[in-house]
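Asker: In my numbering, the protein residues as written are 174 to 653.
In this text, a Cβ means the ideal position worked out from N, Cα and C, and glycines have one as well.
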RNA sequence: GGUCCCAUCGUCUAGUCCGGCCUAGGACGCCAGGUUUUCAUCCUGGUAACACGGGUUCGAAUCCCGUUGGGACCGCCA
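Here it is in structure tokens:
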């Protein structure tokens, strides 16, 4: 199996999304592999919007795709839109027609459907070998209007190509039939537009999802009819859902924009997606930045089987990236979520906010988690009084500890109100009791209202004296 | 149904091309322990896989054949 990559003369790759849906994470991963390959080989990365289907293409979706790709950091070197290149396709379509390598077919959709079903029933390969393939209707305007253009497939035997991730792959050309290449002379179909563009844009390596593998022989036939050179192909395995079928809506979020909104960081997504189907030579380090990944990426190391999109690992990775954020960056990233939840507004003090966020930075997995995590600081808390009781103690003791704390805290000057000072005063007191939990647990629950939270002193600092005292009062009341 | 692709822990994978270093390594998850008032972090340890059957060979996760299983595609979508 020859999987050697020919990069002589510089590589040119393309990503070719179709604006008929939002940017799917699977598409993003394929785009990422193209990007990695281009950057690794210091080649050119072309972005081409495949919007030949005018009815289904949508500018809004195109924007969702380009925004998503940019967000991930996959910046391109050249940009094209197929809808703006219709003249180019027409030129080559005419050429094929003139050379009798393509023809008009006026079978109706219904006729084709019936034919297909019949073939499937009789265990044949579904294909259309057109009975009109040798008719010349050049001058019959009406008939042309009802026709589509098909490729006249006279090839016998196998079409073989070497796939960079799979090795040799071959298809029987006969099974392809006279496949369609255009709706009309100025309305090309996918397979045709791709071949023309890949040639015009001098694409050296076609790297796309495995679901395109069966299009490859058709594209090879077209390109050979036009006497063009073949690019090298690499079919990337699909991204799968937990049931091992192609990742789709029913498995959960599939759009890059959804993950962005949930608060996954682009660097984490980049890293995670790169590791799905590819692995660096060095086993140990999986947290890698863009430069390291580009440096180590080899298309020949790409896995041949599909990879399941495992949200658990993404969460772990994202938490990792969140933790490594500078506090200020973290604050800026969190603010939209907090504003949205009406927890903060333009007047909220940034230093104070950073203290709050700093408590939770290493506890959350994605930015949107921050809202629930810090809500207790901003809003009144509500909890069951049972929660106040330390596991080795009882209700009476909890109330007693809180009363003692109240007296101590009352005396602390607001000027010295910070977590270090608070700890310096309260810790020795807790230590005296022999079991720090007896004091610290009820205190922490009283100020947080939660079973699990940051430490009491940090919380007290941001809550300020007045609120702390009132929360402790409340807790004591709850215990009566 | 036809064609093509794939097959190592639950998941992502290393090892496969060039058979022995593999009593199969790493990461996520999970479990246990340590640190901590709790949670998270951090540290230590553990759990768990070569789909099956034949062959080739002194020796197979690795090569060959078959079986089984899974997936993708089969449009006047891309």
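1) Kindly indicate which residue of 194, 633, 291 and 211 has the alpha-carbon position closest to the one of residue 467.
2) Among the candidates 285, 560 and 235, whose CA atom is the shortest distance from the CA of residue 304?
3) Specify the secondary structure class of residue 522 as computed by DSSP and reduced to three states.
4) Just mark residue 412 as buried or exposed, buried being the case when its beta carbon has 16 or more other beta carbons within 10 Å.
5) Out of curiosity, what's the CA-to-CA distance linking residue 639 and residue 599?
6) For residue 521, I'd like the list of residues in its chain whose CB is within less than 6 Å of its CB, leaving aside the five on either flank, ordered along the chain.
7) What residue does the beta strand (DSSP E) around residue 374 start on, and which one ends it?
8) Distance check for residue 326 and residue 302, CA to CA, integer angstroms please.
9) For residue 246, count neighbouring C-beta atoms within 10 Å of its own C-beta (all shown protein chains included) and say buried if the count is 16 or more, exposed if not.
10) Taking the alpha-carbon positions, what's the residue 417 to residue 215 distance?
11) Could you tell me the distance, in whole angstroms, from the CA atom of residue 401 to the CA atom of residue 371?
12) Work out the CA separation of residue 514 and residue 536 for me, nearest whole Å.
13) What are the partner residues of residue 275, as DSSP defines its beta bridges?
14) Taking C-beta to C-beta, are residue 648 and residue 619 nearer than 8 Å?
15) CA-CA distance, residue 388 and residue 529?
16) With a cut-off of 8 Å on the beta carbons, I'd call residue 241 and residue 196 a contact; round off their distance for me.
17) Would residue 250 and residue 203 qualify as a contact pair, given that the criterion is a beta-carbon distance under 8 Å?
18) By the 10 Å Cβ neighbour count, where 16 or more other Cβ atoms means buried, how is residue 581 classified, buried or exposed?
19) Among the candidates 255, 234, 307 and 461, whose CA atom is the shortest distance from the CA of residue 279?
20) Pick out the complete beta strand (DSSP E) segments inside the segment 543 to 610, 3 residues or longer, and give them in chain order.
21) Where do the N-terminal and C-terminal ends of the beta strand (DSSP E) with residue 429 fall, by residue?
22) Within 10 angstroms of its Cβ, does residue 187 collect 16 or more other Cβ (buried), or is it exposed?
23) Note down, one range per segment and in chain order, each alpha helix (DSSP H) of at least 4 residues found wholly within the segment 195 to 219.
24) Within the chosen definition, does the segment 333 to 340 reach the segment 287 to 300 through at least 3 CB pairs nearer than 8 Å?
25) Can you tell which of 636, 344, 586 and 435 has its C-alpha closest to the C-alpha of residue 331?
26) Please identify the residue among 311, 516 and 369 whose C-alpha is closest to the C-alpha of residue 258.
Answerer: Based on what the coordinates show:
1) 211
2) Selected option, being the one with the closest Cα: 285.
3) coil
4) buried
5) 17 Å
6) Apart from the 5 residues on each side of it in sequence, residue 521 has no Cβ closer than 6 Å to any other Cβ in its chain.
7) Premise fails: residue 374 is in no beta strand (DSSP E) and is neither H nor E.
8) 8 Å
9) exposed
10) 35 Å
11) 10 Å
12) Cα-Cα distance, rounded: 19 Å.
13) 324
14) yes
15) 54 Å
16) Under the criterion of beta carbons closer than 8 Å, residue 241 and residue 196 qualify as touching, at roughly 4 Å.
17) No, the pair does not count as a contact, with Cβ atoms beyond the cut-off.
18) Flag for residue 581 reads exposed.
19) 307
20) none
21) Note, residue 429: premise wrong, no beta strand (DSSP E); alpha helix (DSSP H) at 429 to 435.
22) buried
23) 198 to 213
24) no
25) 344
26) 369
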